[in-house]
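Numbering (the numbering used here), first residue to last: 704 to 896.
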């Protein structure tokens, strides 16, 4: 009987077999934009904390009356949340700079960034919402609840500081949304098509 088996060529010859790599395209390096946005988040966090903390005002009506951020739990939460956000942005900016120098870290960092940026966004967006609600209450008061009168006609400097801090905090929240979108798009662009 004659053998019908043909000699099998080696499957491991790689002369014409393309090799697929799961690396990013050689286009734009999104980590440079990431560093810029993270620096903006740090700046927004720092400015909002400083503006909120320095907004104290004391009036000498027959008795001295003070308005300080420490008197409202929502303002204290705002300062704490943006302090955490500022620290987080410093750490992640350093990590992004190291990823620019060591490209093997990029994919792993992007996954962590999407997760932790979403957590930070939840924290600072809730802080902006609570502080904004209290600022609106200070500006307009609440006629339906006895004793919740508007105070911004009396403590104008304090209210300007609170409004400025909330506005800068809202900008920080928008920057964090942009960071999440950038990280998600960077992960999407690294997936082989």
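The C-beta atom is built at its ideal place from N, Cα and C for all residues, glycine as well.
Span of the beta strand (DSSP E) holding residue i?
i, result
"residue 761", "760 to 763"
"residue 766", "Looking at the DSSP string, residue 766 is not in any beta strand (DSSP E), and its letter there is neither H nor E."
Whole-angstrom Cβ separation of residue i and residue j, contact assumed at under 8 Å?
i, j, result
"residue 827", "residue 795", "No, residue 827 and residue 795 are not in contact; Cβ-Cβ is about 14 Å, not under 8 Å."
"residue 733", "residue 889", "4 Å"
"residue 788", "residue 875", "7 Å"
Taking the straight line between their C-alpha atoms, what separation do you get for residue i and residue j?
i, j, result
"residue 797", "residue 840", "39 Å"
"residue 951", "residue 823", "Only positions 704 to 896 of the chain appear in the structure, and residue 951 is not among them; the question remains open."
"residue 808", "residue 877", "26 Å"
"residue 865", "residue 758", "7 Å"
"residue 816", "residue 737", "10 Å"
"residue 756", "residue 748", "12 Å"
"residue 869", "residue 820", "19 Å"
"residue 853", "residue 836", "13 Å"
"residue 885", "residue 891", "10 Å"
"residue 843", "residue 834", "14 Å"
"residue 805", "residue 813", "14 Å"
"residue 894", "residue 882", "19 Å"
"residue 896", "residue 735", "24 Å"
"residue 767", "residue 746", "34 Å"
I want to check one thing, is the minimum distance from the CB of residue i to the heavy atoms of the ligand MG below 7 Å?
i, result
"residue 838", "The ligand MG is not part of the structure shown, which contains no ligands of any sort."
Got a sec, what are the start and stop residues for the alpha helix (DSSP H) residue i sits in?
i, result
"residue 808", "Taken as a continuous stretch (DSSP letters only), residue 808 belongs to no alpha helix (DSSP H), as it is neither H nor E."
"residue 892", "859 to 893"
"residue 748", "733 to 756"
| message | Could you check whether the segment 853 to 868 touches the segment 752 to 766, counting it as contact only if at least three pairs of C-beta atoms, one from each stretch, sit closer than 8 Å? | response | yes
| query | So, do the segment 800 to 814 and the segment 833 to 850 have three or more beta carbon pairs nearer to each other than 8 Å? | reply | no
| query | Counting pairs of beta carbons, one from the segment 785 to 793 and one from the segment 737 to 756, are three or more of them closer than 8 Å? | reply | yes
| said: Between the segment 773 to 783 and the segment 829 to 838, can you find at least three pairs of beta-carbon atoms closer than 8 Å? | reply: yes
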